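If you read the protein sequences in the order shown, they are chains A and B. Counting in our numbering, the first sequence runs from 1349 upward without gaps. Counting in our numbering, the second sequence runs from -10 upward without gaps. All residues carry an ideal CB built from backbone N, CA and C; glycine is no exception. Computed from a predicted structure; not experimentally measured. Comments concern the structure below.
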Amino acid sequence: MADTILVVVEQREGKLNRVSYETLRGAQSIAAETGWTLEAAVLGSGAVVGEIANEIAKSKVAKVYALDSATCVNYTPDAYAAALKQFITDKKPTLVLMPHTYQVRDFAPKLTTSLNRTLISDATGYRKDGAKLIFVRQMFQGKFAADVSFAGESPFFATFQTGAFRGDQVENGSAAAPVEKVILDVPASAIRNKPLDIFKEAKQAVDLTQAEIIVSVGRGIKEQKNIELVQQLATALGGVIAASRPICDSGWLPMDRQVGSSGQTVAPKLYLALGISGAIQHIVGMKGARSIIAINKDSEAPIFEIADIGIVGNLFEIVPPLIEEVKKAKGA
Amino acid sequence: MKILVCMKQVPQKDAPLKLNETGTWIREDVSYEVNEPDAYALEEALRQKEKHGGEVVVITAGPARSQQVLREGLAKGADSAIHLEDPGFVGLDAFNTAKAFAAAIKEENFDLIFTGLQSDDYGYAQTGVVLAEIMGWPHATIIMQIDKQDGGIKVKRELEAGFFQHVDMPLPAVLTIQSGINKLRYATLIGIKQAKNKPLRKVTMDEVRSSLGDNMQKIEKLYIPQKTKKTEMLTGSPAEIAKQLVEKLKNEVRVL
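Written out as structure tokens, the structure is:
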């Protein structure tokens, strides 16, 4: 039987999560290199599944499956894992790819375990090494990359990190791919969690996504009282202050100042990172900035991997004269 | 409630790491600390115990050095500890680590198992969910709040982009805990003293080996990531750097 790659796109609250196109783009590259057939699937309940399947069918894929299970109307890990287990057991794809979203993180390890298979999670890319397919992932908070291979039998499962591929570079098909509706039967009795309301905490007061200049602060600031120094620089530059997760976890800045996978995703003209090491979860939220400047005392901090301008040094020594120089330049 | 907290010892955040001779792992002669999300998981377990009574047990898998995370857990208030002690545990994938934990606790009756949402070394974000599936328990991930209620718990899951969701679930269950769910406590001197007399059960690799399988994924090679961007490094005295930087902000970044 021919090898097949199956991309499971993400549907949330009846909408296609656009990050699915990044995974689809990665899968198209793998399909081109291996000659494997590329198929996609979307899981949910009702008409919305067909609509999303039709949208995906415009991309260059051999087929799209609209997987419909009444018990998948609201997301639960039990229903999603059981439904996909049925489908994958039946179709036997060689490789299953998904985006590394919070939803996928919630059910994919359960799915692979129930199939007695493994998941290479949060990959940033892939490589063909002879017949072997290698997935590249970050380790030790991005300080190292690892080439990881599958040792057991297919199906192989991997998830791709947000930003690993360009979603806007998905190839379209010459004609719409066929869409096949598949009814899956997951009994309601198999679902143990009861999902309730989805909500936002108190209204987000700060919309960092609109900011042109962001001065962002991380652990390197050491103490809450030092935040004031960063605020002074932000004010001098006419920008806004933001932070990495640990700063907001400590309550030094409110949660609506957080940039990263669990906070806001920003793309300012200037992102000035002070004392931020550059953990993956932070980088996914700011790597779209036009210009990234990083000041960090650790020359091996991963933030320097993506910085346009880097300064290895003590931010407490550099920021005060920087504020003065900025004020001078602005006054001139 | 009887709560198990899975903890991991990882290299300290700013420890300089070096590759081992085969280029498949780091050299082990570095400083270690508790994986940060696991510290929040422990704190949450202690708070639940303070509210509802019960017992907190900490567990880890790793060589002798990793006993330190259990000692810290006991000093902060955990009642007992389980150490799967063998250097071989470091190389297990998430599936096998979860299998080893499940084998080590098969005689115990926990209501809840907590893990941190992911580790700072591998970063799989899988062990907790895999463990739930092996135990046959429900799970929820990236948890920011836990409230006990009749017949189970209500948890607050963090979703992406600032959204949250409440989920009702029965017990026993596995939860992966998000950093920042609470404020961490420090161990007290009395706590550190008392920890020395608290029970610590050791489990050898031989005792759980029959439950493990071959790793289904293999790290072929570990390496310093290739830079995708050309970074211009500025050097000099702080005053010189400030001047250079402002020039760049004016002429290249054009924000001044």
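Proximal residues of chain A, C-beta to C-beta of residue i below 9 Å
{"i": "Tyr212/B", "result": "Phe1492, Ala1493, Ala1494, Asp1495"}
{"i": "Ala114/B", "result": "His1448, Arg1453, Pro1457, Ser1469, Asp1470"}
{"i": "Asn204/B", "result": "Thr1466, Ala1499, Gly1500"}
{"i": "Asp110/B", "result": "Met1487, Phe1488, Gln1489"}
{"i": "Lys(-3)/B", "result": "Going along chain A, no residue has its Cβ under 9 Å from Lys(-3)/B, so there is no contact; the nearest lies around 13 Å."}
Chain B residues whose Cβ lies nearer than 8 Å to that of residue i
{"i": "Ser1609/A", "result": "Glu149"}
{"i": "Ile1561/A", "result": "Val244"}
Partners in chain B for residue i, counting only beta-carbon separations shorter than 7 Å
{"i": "Pro1602/A", "result": "Residues of chain B passing the Cβ test: none, with the nearest at roughly 12 Å."}
{"i": "Thr1461/A", "result": "Phe84, Val119, Glu122, Ile123"}
{"i": "Phe1652/A", "result": "Thr220"}
{"i": "Ile1436/A", "result": "Those within 7 Å of Ile1436/A in chain B number zero; the least Cβ separation is about 15 Å."}
{"i": "Ser1639/A", "result": "Val242"}
Residue-level contact to chain A via CB, residue i, 8 Å cutoff
{"i": "Phe152/B", "result": "yes"}
{"i": "Thr11/B", "result": "no"}
{"i": "Leu189/B", "result": "no"}
{"i": "Val244/B", "result": "yes"}
{"i": "Leu223/B", "result": "yes"}
{"i": "Ala50/B", "result": "no"}
{"i": "Asn24/B", "result": "no"}
{"i": "Leu234/B", "result": "yes"}
{"i": "Glu209/B", "result": "yes"}
{"i": "Thr130/B", "result": "yes"}
{"i": "Met158/B", "result": "yes"}
{"i": "Pro161/B", "result": "no"}
{"i": "Lys65/B", "result": "no"}
{"i": "Ala89/B", "result": "no"}
DSSP state of residue i mapped onto helix, strand, coil
{"i": "Phe153/B", "result": "strand"}
{"i": "Gly105/B", "result": "strand"}
{"i": "His72/B", "result": "strand"}
{"i": "Ile1436/A", "result": "helix"}
{"i": "Leu120/B", "result": "helix"}
{"i": "Leu1386/A", "result": "strand"}
{"i": "Asp136/B", "result": "strand"}
{"i": "Gln1/B", "result": "coil"}
{"i": "Asp1597/A", "result": "helix"}
{"i": "Phe1492/A", "result": "strand"}
{"i": "Thr263/B", "result": "Given a span of -10 to 245 for chain B in the structure shown, any question on residue 263/B remains unanswerable."}
Minimum Cβ-Cβ distance from residue i to chain B less than 8 Å
{"i": "Gln1580/A", "result": "no"}
{"i": "Asp1454/A", "result": "yes"}
{"i": "Gly1500/A", "result": "yes"}
{"i": "Gln1558/A", "result": "no"}
{"i": "Arg1605/A", "result": "no"}
{"i": "Pro1526/A", "result": "no"}
{"i": "Asn1541/A", "result": "yes"}
{"i": "Gln1489/A", "result": "yes"}
{"i": "Phe1508/A", "result": "no"}
{"i": "Asp1426/A", "result": "yes"}
{"i": "Val1632/A", "result": "no"}
{"i": "Leu1577/A", "result": "no"}
{"i": "Glu1549/A", "result": "yes"}
{"i": "Leu1585/A", "result": "yes"}
Close beta carbons around residue i, own chain, < 6 Å, minus the five adjacent residues each side
{"i": "Leu1618/A", "result": "Ile1561, Ser1639"}
{"i": "Gln1580/A", "result": "Ile1671"}
{"i": "Val1356/A", "result": "Ala1389, Met1446"}
{"i": "Leu1620/A", "result": "Val1563, Ile1641"}
Under 8 Å from the C-beta of residue i: neighbouring residues of chain A
{"i": "Ser168/B", "result": "Arg1593, Pro1594, Asp1597"}
{"i": "Tyr21/B", "result": "Chain A residues near Tyr21/B: none, gap ~12 Å exceeds 8 Å."}
{"i": "Ala228/B", "result": "Pro1669"}
Residue i: contacting residues in chain B (beta-carbon distance under 9 Å)
{"i": "Asp1646/A", "result": "Asp3, Pro5"}
Beta-carbon proximity list for residue i, same chain, < 8 Å, skipping 5 on both sides
{"i": "Val1614/A", "result": "Leu1556, Thr1557, Ala1559, Ile1562, Ala1590, Val1607, Gly1633, Met1634, Gly1636, Ala1637"}
{"i": "Thr13/B", "result": "Ile208, Glu209, Lys210, Leu211"}
{"i": "Asp1533/A", "result": "Ser1417, Gln1434"}
{"i": "Gly1521/A", "result": "Ala1405, Lys1406, Ser1407, Lys1408, Val1409"}
{"i": "Val235/B", "result": "Leu245"}
Neighbourhood of residue i by C-beta, 7 Å cutoff - its chain only, sequence neighbours within 5 removed
{"i": "Asp157/B", "result": "Gly141, Lys143"}
{"i": "Tyr1428/A", "result": "Leu1391, Cys1420, Phe1455"}
{"i": "Ile1531/A", "result": "Asp1416"}
{"i": "Gln154/B", "result": "Arg146, Leu148"}
{"i": "Ile1651/A", "result": "Ala1621, Ile1624, Ser1625, Gly1626, Ala1642, Asn1644"}
{"i": "Lys1676/A", "result": "none"}
{"i": "Asp110/B", "result": "Val(-1), Pro0"}
Contact list for residue i against chain A, beta-carbon separation under 7 Å
{"i": "Lys237/B", "result": "Ile1657"}
{"i": "His155/B", "result": "Leu1544, Asp1545"}
Ranges of the alpha helix (DSSP H) found wholly within the stretch 1446 to 1471 of chain A, counting only runs of at least 4: 1450 to 1462
- request: Give, in chain order, every unbroken run of the beta strand (DSSP E) that is at least 3 residues long and sits entirely within the stretch 1495 to 1550 of chain A.
  value: 1504 to 1508, 1527 to 1531, 1542 to 1548
query: Enumerated in chain order, which unbroken segments of the alpha helix (DSSP H) with a length of 4 residues or greater are wholly contained in the stretch 34 to 64 of chain B?
result: none
- request: Mind listing, in chain order, the continuous beta strand (DSSP E) runs of no fewer than 3 residues lying wholly within the stretch 1363 to 1426 of chain A?
  value: 1385 to 1392, 1411 to 1416
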